[in-house]
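J.: This note's numbering puts the sequence shown at residues 1 to 363. Every residue, glycine too, gets a C-beta built ideally from N, C-alpha and C. Before I ask anything, here is the structure I am working with.
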Amino acid sequence: MAEQTRIHGLLKLCIETCNAALDSISDDQLKTDDNSDPQQSLTVVHKDLISLLSFIYVSTTKLALVLNPSSPTYPAAVTPINDLAKHISALSHCVRLFSPIEHGATITQEAVNLVTNVVAAVKVLLQTFLETGHSAAREYMMKTGTVHDMIEGVRSSNGLSKDNLSAVRKKWHEDGGPLDDGARELRELIDNAGDASEDYGWKELGLEPDAPFSEQEADRASKIHMILRLTALLHRKVYTDLLKTSPENPPPSHLVLDKLPSLSRALVSAADEVIAASHPPQDPSMLRLDLNVYKGVLKDIEDTVHLFFSKDSVEVLIEGLSLHDGELGKKKKISKLKWFDGCFEQIEKGFRTAEASISESEA
1 MAEQTRIHGL
11 LKLCIETCNA
21 ALDSISDDQL
31 KTDDNSDPQQ
41 SLTVVHKDLI
51 SLLSFIYVST
61 TKLALVLNPS
71 SPTYPAAVTP
81 INDLAKHISA
91 LSHCVRLFSP
101 IEHGATITQE
111 AVNLVTNVVA
121 AVKVLLQTFL
131 ETGHSAAREY
141 MMKTGTVHDM
151 IEGVRSSNGL
161 SKDNLSAVRK
171 KWHEDGGPLD
181 DGARELRELI
191 DNAGDASEDY
201 GWKELGLEPD
211 APFSEQEADR
221 ASKIHMILRL
231 TALLHRKVYT
241 DLLKTSPENP
251 PPSHLVLDKL
261 PSLSRALVSA
271 ADEVIAASHP
281 PQDPSMLRLD
291 LNVYKGVLKD
301 IEDTVHLFFS
311 KDSVEVLIEG
321 LSLHDGELGK
331 KKKISKLKWF
341 DGCFEQIEKG
351 FRTAEASISE
361 SEA
């Protein structure tokens, strides 16, 4: 009984270590960036974090074996508990070495989120060991598996990004699907609007189907659908053409890269609002307001995209000058810039036609 009491005391101390670690890597602490060491390269910090997670994996495995509720071996639990507390403390220090300024805000936040999830899962596992009864006996292996799965996820090829560009690329890619889905949803709504005989089972559920489009509303929705399609294409091209590293296309500063994830999320949110406002019956004033918000986000993206291109590339494009054949890298860059400028121009035309349609209904 004395050994059990001792181990429970150590488990509680380890839980407090987890609490302290979670507090130290909170968002408020991250914003200060006071704990960052500019001498630590991202490669070193990344490697150290993965190593510490491996140590935690081993310690939780040992703990699960010696604290099996059906036959606990309390004396053997002292070392893995102490090791786990030590590794958790070291992990919280390591993740604070990720610097938003030196390494990039996106990968720093990714590392903080991953470590927070792991430490929280370890805390839940430790709390399970303090419980008694059949439920604890069933749950401790599940909780151990949760910790292991999280750590394996971080260590996998799709886990913690290798650098800030990869982290931004990952976040940007997450929003590509929702943009495509939104455009497809509006297209299906327009295509199905003409079939008034089909209620798609809404009445059986006691619900009324959407009101049918008027001819003017359907035309307006089609114009908005074109904007959504062009925007989804633009989003994909940023992913494939800009968010990659190549000799002729070095990544811009972290300050530029870190603008993109929030802009991508804002774009998805604005698109959702426009799609919702496009459902019949449409409120022209609300639709105009949502389109203006959508246009504003796209303008911010356009400004950020231009930051990927060097000043000399922009000047050459504006002046219409030709480059020597040997300057292939610059030619490729200018070609990309022309594509993006052309796409933004087409999107702007789409906005003008949609806004003109709204104005006609308000006249």
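Return the chain-ordered ranges of every alpha helix (DSSP H) run that is complete within the stretch 210-284 and spans a minimum of 4 residues.
T.: 215-237, 254-257, 260-278
J.: Spatial neighbours of Q397 within its chain, please: C-beta separation below 6 Å, excluding the five flanking residues on both sides.
T.: No statement about residue 397 is possible, as the shown extent of the chain runs from 1 to 363 and does not include it.
J.: Going straight from the alpha carbon of P250 to that of F309, what length do you get?
T.: 10 Å
J.: Short of 7 Å in beta carbon distance, which residues of its chain neighbour P178, apart from the five on each side in sequence? Order them along the chain.
T.: V268
J.: Using C-beta distances below 6 Å, list every residue in its chain close to S285, excluding the 5 sequence neighbours before and after it, in chain order.
T.: none
J.: Compare the beta carbon distance of I190 and G350 with 8 Å and say whether it is the shorter of the two.
T.: Cβ distance not < 8 Å, so I190 and G350 don't count as in contact.
J.: Three or more C-beta pairs under 8 Å: does that hold for the stretch 12-28 against the stretch 115-132?
T.: yes
J.: Within the stretch 32-73, note down every full alpha helix (DSSP H) run reaching 4 residues or more, in order along the chain.
T.: The stretch 32-73 contains, as complete alpha helix (DSSP H) runs of 4+ residues, the segments 42-66 (chain order).
J.: Starting from E188, follow the alpha helix (DSSP H) in both directions and report where the run begins and ends.
T.: 176-192
J.: Within the continuous alpha helix (DSSP H) that includes N158, where are the two ends?
T.: Premise fails: N158 is in no alpha helix (DSSP H) and is neither H nor E.
J.: By the three-class DSSP mapping on this structure, what secondary structure does R96 have?
T.: Coil at R96, not helix or strand.
J.: Return helix, strand or coil for R288, following the three-state DSSP convention.
T.: helix
J.: Kindly list the residues whose CB is nearer than 7 Å to the CB of S89, restricted to its own chain and excluding five residues on each side of it in sequence; keep chain order.
T.: T17, A21
J.: H148 by DSSP, collapsed to three states: which one?
T.: Taken through DSSP and simplified to helix, strand or coil, H148 comes out as helix.
J.: So, for F213: in the same chain, excluding its five sequence neighbours on each side, which residues have a beta-carbon less than 6 Å away from its beta-carbon?
T.: A193, P280
J.: Taking the Cβ atom as the reference point for each residue, do D48 and C94 lie within a distance shorter than 8 Å?
T.: yes
J.: Go ahead and pull the three-state DSSP assignment for L130.
T.: helix
J.: If you pair each beta-carbon of the stretch 80-88 with each one of the stretch 143-157, do three or more pairs fall below 8 Å?
T.: no
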